[in-house]
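Shown next, in structure tokens, is the structure this report addresses.
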Amino acid sequence: MAALNLRFTDDELNALRRRAEAEGRSVQSFAHDAVMAAVDEHSRLFNEAAAHALKVSEELNRRLA
Numbered sequence: 015m016a017a018l019n020l021r022f023t024d025d026e027l028n029a030l031r032r033r034a035e036a037e038g039r040s041v042q043s044f045a046h047d048a049v050m051a052a053v054d055e056h057s058r059l060f061n062e063a064a065a066h067a068l069k070v071s072e073e074l075n076r077r078l079a
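The sequence shown begins at 15 in my numbering and counts up by one.
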């Protein structure tokens, strides 16, 4: 499995540690899931935008075909 090094300020890292601890999780697990949630959300928003663009241009695309 690949690894990634991230840099945080002391305050950021302390906040990350506190949040992970509050959830009873390791910092690594918490950070991994947070990054993957951001990736998934970006993909979801992109797919929604693409579907919307196709829907609103449906008639124009039909006429241009």
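Ideal Cβ placement from N, Cα and C applies to all residues, glycine included. Only a predicted model underlies this, so the values are computations on that prediction, with no experimental measurement involved.
Within the same chain, and ignoring the five residues on either side of L20 in sequence, the residues whose Cβ sits closer than 8 Å to its Cβ are A45. A64 has its alpha-carbon roughly 38 Å from the corresponding atom of G38. Inter-residue distance for E72 and V41 is about 46 Å (C-alpha atoms, whole angstroms).
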